[in-house]
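Protein chains in written order, with numbering that gives the first Met the number 0: chain W, 0 to 595; chain R, 0 to 331. C-beta: ideal position from N, C-alpha, C; glycine also. Fair warning: this is a prediction, and the values are worked out from it, not measured in the lab.
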Amino acid sequence: MELFKFKSIQTNIAAASACLILLTAILLGVISYQLSASSVRETAQDYTAELIRQVNANIQTYITSMENISMLALSNEDVRELVSEEGNNGTSSEELAREQRISASFHSIMASRKDIASINVIGYNGRFVSDREHVELNPSIRLAEQPWYTSAQEASGRIVVSSSHVQHMFKDEYDWVVSLSRELWSKDQTEPRGVLLVDLNFSVINDTLNNIDLSKRGYVFIVDESGNIVYHPQQQLIYSNLKSEKIDQVLAKGSGSFTTEEGKTSRIYTIQDTGFGWKIVGVSYVNELIGNKREMQLSMVAAGVFCLIVGLLLAVFISRNLSRPIKQLQEHMKKVEKGIFNIRVPIGNPREIASLARTFNLMVVKIEELMSQVVREQEIKRKSELTALQAQINPHFLYNTLDSIIWMAEGKKTDEVVLMTSALARLFRSSISRGQELVPIRTEIEHVANYLTIQKIRYKDKLDFHIDVDPDIYGYRTLKVLLQPLLENAIYHGIKNRIGTGTIQVTGGKRDGYIWLEVSDNGVGMEAEALRTILEPRRNDRESKGVGVVNVHERIQLYFGKDYGLTYRSVPDEGTTVTVRIAAIEGDELAGGVGA
Amino acid sequence: MSEYRRKSASIAITAVLIVIAVVGIYKWAASQRTEKPVDIIVTVKAKSSAIDFWKVLITGVEDAANEFGANVTVIGPPSETEIDIQMEQLEQAIRQKPDAIVMAATDYNRLVPVAQQIVKAGIKLITVDSRINSDDALSFIATDNIAAGEKAGEEMAKLLPESASSKIAIMSYVYGTSSQLEREKGVRQWLDGHSHIAVASTLYSEGRLEKAYELTKELLAKDPGIEGIVGLNEPSTVGAGRAIEELGLSGKVKLVGFDSSVDEVKLIESGVLQATIVQKPYNMGYLSVKTAIEAVRGKKVPKLIDTESVIINKDNMYTEQNQKLLFPFVGE
């Protein structure tokens with residue numbers, strides 16, 4: 000398993016396709032080899048069977064013609080007369096004439112056929128007539144002892160076909176023949192009278208069989224019903240046990256075929272029964288049938304190797320194509336990892352990877368955007384904080400306050416000087432707040448009180464104020480110097496322009512999970528147009544009204560989100576109310592302090 | 000890292016491919032080599048002669064050549080005594096560079112130098128029927144001639160009365176061929192060991208029927224006490240048989256022969272020839288080519304292959320098996 004754990008896609012694909020191709024090639028090779036081998040085998044078997052049928056037909060023709068000749072001889076009146084004679088030994092002229100007639104008729108049958116070696120009649124009365132005119136028998140044999148003679152007697156009238164044998168009944172003749180013999184009966188069919196012998200030249204069968212080209216090593220042989228070999232191309236090897244034929248199996252089987260189990264030299268026997276006792280057997284070698292076995296195997300292997308090479312090249316090509324964009328993507332990702340965002344992955348093929356690249360590019364753009372947004376927001380935050388600080392130590396306010404203190408000191412209003420100076424001191428102290436952005440609301444309210452105290456001394460009867468903040472929210476946190484710009488705005492743009500005493504009301508509390516603080520005045524109020532634009536940024540006009548207000552609004556939204564901020568309500572000549580909405584953030588220790 | 004793995008994987012795949020290709024080519028080449036037909040030259044002792052023995056042997060040679068897919072050329076002198084011609088033919092055969100030469104030697108000693116040349120030329124040498132007086136041949140395929148001679152001696156002993164010591168003669172053929180020497184040795188060996196029969200003389204017919212006939216006539220005229228003759232090959236047997244028949248001594252002078260022919264068959268049927276020892280030339284021819292092919296293909300071949308012999312007499316000559324030996328050809 001370890002072997003197949005390739006790390007790269009390319010190797011994976013290549014290995015997988017190599018395995019697949021190899022498997023397919025082997026499977027296909029084996030199957031097609033089996034199929035073609037069996038089809039070759041079937042064809043060869045069909046061919047053998049057909050050939051054997053033809054051989055059978057040929058041989059059958061010979062045997063049938065021999066049978067016909069025997070029938071002809073049997074029905075010959077002269078032959079019947081000849082074997083029926085008693086006592087005489089062929090000396091009378093009538094008998095001689097008859098013999099000559101028989102011989103002549105046999106001879107005329109012979110004349111038309113080369114395959115017949117001889118036609119003979121042997122009477123039990125000692126008469127012998129042949130197709131030959133001057134016949135000389137082999138003196139050293141007795142006809143009555145010959146196998147064809149005795150078996151004809153045993154068969155009593157039925158036709159007997161011998162195996163192939165050497166006919167040595169004639170002097171100086173030793174021809175291979177097949178003998179057909181049958182017993183002759185008297186006219187009234189009551190008693191046997193002699194034997195008729197028709198010899199067929201075995202050479203006609205021999206030649207037929209010799210000319211058969213079954214295959215290079217295949218051959219045809221014939222056995223008779225008792226297992227004697229009628230014909231075999233290598234008869235002598237069989238007799239010497241150098242070769243063996245499955246004669247028992249052949250005899251046991253009628254027609255059909257069987258295959259021997261001899262390993263490399265297994266043979267297929269195709270058997271055809273002739274109907275008169277002989278069996279014609281075609282033998283072919285299994286491994287020769289699939290003669291070009293090796294060639295087939297080789298071409299299969301070659302095809303397999305070719306497929307494998309082509310397939311591998313293809314696999315390498317495809318996987319390279321596939322992994323190249325992935326690798327490219329990976330390299331780009333590495334760059335992004337290092338913080339380089341100004342890159343774009345080229346979008347190519349395939350589709351899946353292209354969409355991946357597209358998404359990646361989008362992601363990179365988004366990240367870049369977010370990054371720059373964060374940078375911008377930080378910048379704004381700093382700027383607004385700075386602005387808040389500027390608001391806190393507004394030089395006009397400081398100058399005016401100090402001027403007021405001078406005037407009061409000159410007027411010897413010592414109590415008021417003390418009050419104002421201490422308020423101013425507390426005002427600055429509360430805004431130091433250890434550099435923290437968020438401060439408890441309590442601190443902010445103190446700051447507001449100090450600021451309003453100073454302003455009230457300055458404006459005397461013109462200004463009055465009330466602070467009514469729910470002490471429960473003292474522990475919550477707020478941005479520092481949040482309310483001062485709003486108060487400033489209320490004084491300078493609301494109260495100052497009013498006739499008579501203006502009152503500023505600072506209230507606060509908690510509602511629905513958020514903190515609200517409200518600054519309301521009963522000043523001149525705002526026109527609808529001014530009210531609509533009061534929270535819109537106006538960068539170029541720093542000193543104009545609402546700059547501080549806008550800054551407050553932006554600060555709140557930067558810290559707490561878009562859900563929070565300022566809301567203005569105003570009715571001209573009646574007053575303005577600004578509501579601050581901030582998130583309810585509890586400061587741990589201070590919250591506890593308030594509770595106590 | 001992945002680059003390295005990819006490289007090693009592709010190297011492994013390439014290696015596998017190369018191995019497959021090499022194995023394939025090797026197998027292909029190997030198959031090509033075994034497919035190539037073997038060239039064999041067979042020399043018999045008498046090619047143009049009408050002796051059935053060599054014709055049958057050549058049939059065996061041809062059948063084996065067909066069966067095993069070998070290219071076989073058969074050469075040989077016109078008759079068995081022409082040793083020089085066979086030597087010349089063999090020298091020419093060496094120049095044709097066959098894979099193997101199958102040789103039936105016309106002389107036991109004189110063909111030894113040619114045999115050495117054959118082996119030196121890298122040609123596999125197989126001897127058949129008659130061997131040579133050296134160890135150059137890889138295999139010798141023949142009748143065990145000593146055993147065959149013993150069989151002839153035994154047959155002769157059966158034919159002669161056991162009591163009296165009888166005299167016989169041996170009608171041999173060409174002096175110096177191994178088969179002749181061994182057969183005679185076999186006959187003498189058996190008779191000496193098992194009977195009182197004495198071998199009076201050995202005559203040499205030179206493998207010619209007429210010579211055997213004349214020598215037998217001379218012998219029987221000179222020494223009427225000869226009761227039997229053993230003919231060591233076909234013409235010697237037939238020649239002796241003719242002489243016996245002509246002298247009216249059929250059955251009186253017993254004759255045991257070698258080999259077979261129509262003439263011998265007639266002699267057996269007429270009672271002149273009591274028995275003949277028949278070899279199996281078809282098997283010799285077949286096996287010699289088969290062995291030669293095996294030798295060329297690098298298989299180990301047996302040093303000696305006995306093709307056996309059969310005793311034929313009047314009673315068994317027409318059995319299924321023996322008639323094929325006696326009458327090997329159909330339609331002649």
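Residue i versus the options, residue with shortest Cα-Cα distance
{"i": "L110(R)", "options": "L248(R), E245(R), S177(R)", "result": "S177(R)"}
{"i": "D223(W)", "options": "W515(W), N399(W), Q271(W)", "result": "Q271(W)"}
{"i": "S287(R)", "options": "Y317(R), D51(R), L56(R)", "result": "L56(R)"}
{"i": "A116(W)", "options": "L481(W), I108(W), G122(W)", "result": "I108(W)"}
{"i": "Y230(W)", "options": "V176(W), L195(W), E261(W)", "result": "V176(W)"}
{"i": "V18(R)", "options": "E66(W), W147(W), V304(W)", "result": "V304(W)"}
{"i": "E268(R)", "options": "A163(R), S249(R), E209(R), A120(R)", "result": "S249(R)"}
{"i": "S569(W)", "options": "V518(W), R580(W), A582(W), Q556(W)", "result": "V518(W)"}
{"i": "K186(W)", "options": "L311(W), E585(W), E76(W), E445(W)", "result": "E76(W)"}
{"i": "R425(W)", "options": "N200(W), E409(W), E443(W), N348(W)", "result": "E443(W)"}
{"i": "S254(W)", "options": "G493(W), P146(W), R52(W), I346(W)", "result": "R52(W)"}
{"i": "S265(W)", "options": "K252(W), Y284(W), T273(W), G274(W)", "result": "Y284(W)"}
{"i": "L81(W)", "options": "A56(W), Y46(W), I118(W), Y123(W)", "result": "Y123(W)"}
{"i": "Y107(R)", "options": "L159(R), I131(R), I122(R)", "result": "I131(R)"}
{"i": "G499(W)", "options": "R100(W), V505(W), L462(W)", "result": "L462(W)"}
{"i": "M70(W)", "options": "V523(W), I158(W), D469(W)", "result": "I158(W)"}
{"i": "V29(W)", "options": "Q99(W), L385(W), K382(W), A302(W)", "result": "A302(W)"}
{"i": "T10(W)", "options": "K170(W), L321(W), V165(W), S371(W)", "result": "L321(W)"}
Close-in-space but distant-in-sequence residues of the same chain around residue i (CB under 7 Å, 5 per side omitted)
{"i": "D562(W)", "result": "none"}
{"i": "V344(W)", "result": "Q327, L328, H331, A356, F359, N360"}
{"i": "F257(W)", "result": "Q248, Y268"}
{"i": "V300(R)", "result": "L137, S138, T290, E293, A294"}
{"i": "I317(W)", "result": "I12"}
{"i": "E588(W)", "result": "For E588(W), the predicted model reports a pLDDT of 45, less than 50, meaning its position is unreliable; a value from the coordinates is still stated below. Once the five neighbours on either side are set aside, E588(W) has no close Cβ partner at all."}
{"i": "L124(R)", "result": "I100, M102, A114, I117, V118, D135, A136, L137"}
Residue interval of the beta strand (DSSP E) (run including residue i)
{"i": "L199(W)", "result": "191-200"}
{"i": "L303(R)", "result": "303-305"}
{"i": "I100(R)", "result": "99-102"}
{"i": "R266(W)", "result": "266-272"}
Same chain only: Cβ atoms within 6 Å of residue i, ignoring 5 sequence neighbours per side
{"i": "I12(R)", "result": "none"}
{"i": "F328(R)", "result": "none"}
{"i": "V43(R)", "result": "W53, G75, A103"}
{"i": "S260(R)", "result": "D51, E233"}
{"i": "K157(R)", "result": "none"}
{"i": "S129(R)", "result": "A103, A104, T176, S177, S178"}
Opening and closing residue of the alpha helix (DSSP H) in which residue i lies
{"i": "F326(R)", "result": "Neither: F326(R) is in no alpha helix (DSSP H) and is coded neither H nor E."}
{"i": "A114(R)", "result": "111-119"}
{"i": "R40(W)", "result": "8-73"}
{"i": "I51(R)", "result": "Looking at the sequence itself, residue 51(R) is Asp, so the reference to Ile does not match. Residues 51-67."}
{"i": "I125(R)", "result": "From DSSP, I125(R) is part of no alpha helix (DSSP H) but of the beta strand (DSSP E) over 123-127."}
Whole-number beta carbon distance between residue j and residue i, since they are thought to touch under 8 Å
{"i": "Q44(W)", "j": "I279(W)", "result": "Not quite, the Cβ-Cβ distance comes to about 15 Å (not below 8 Å), so this is no contact."}
{"i": "V264(R)", "j": "M316(R)", "result": "7 Å"}
{"i": "I225(R)", "j": "A197(R)", "result": "Actually they do not touch by this definition, with Cβ atoms about 10 Å apart."}
{"i": "G226(W)", "j": "L250(W)", "result": "6 Å"}
{"i": "A274(R)", "j": "V252(R)", "result": "With 8 Å as the limit, A274(R) and V252(R) do not qualify as a contact, their Cβ atoms being about 14 Å apart."}
{"i": "S102(W)", "j": "S129(W)", "result": "7 Å"}
{"i": "V160(W)", "j": "L179(W)", "result": "5 Å"}
{"i": "E205(R)", "j": "Y172(R)", "result": "6 Å"}
{"i": "T215(R)", "j": "I169(R)", "result": "In fact, because the Cβ distance is near 11 Å, the residues do not count as touching under 8 Å."}
8 Å CB neighbourhood of residue i in its chain, flanking five on each side removed
{"i": "E149(R)", "result": "G185, V186, Q188, W189"}
{"i": "M283(R)", "result": "L56, G59, V127, D128, I140, A141, T142, T306"}
{"i": "L236(W)", "result": "K242"}
{"i": "E535(W)", "result": "V549"}
{"i": "Y32(W)", "result": "M295, Q296, M299"}
{"i": "T420(W)", "result": "I404"}
{"i": "R541(W)", "result": "Interpretation of R541(W) is limited by its pLDDT of 47, a score under 50 that renders its predicted location unreliable; the figure taken from the coordinates is listed afterwards. Nothing listed; no residue qualifies."}
{"i": "Q152(W)", "result": "E182, P191, V194"}
Distance cut-off 8 Å: residue i Cβ against heavy atoms of the ligand SAH
{"i": "A110(W)", "result": "Absence of the ligand SAH is noted for the structure shown, with no ligands found whatsoever."}
Whole alpha helix (DSSP H) elements within the region 526-584 of chain W, 4-residue minimum: Assignment of alpha helix (DSSP H) within the region 526-584 of chain W, counting only whole runs of 4 or more residues, yields 527-532, 546-559 in chain order.
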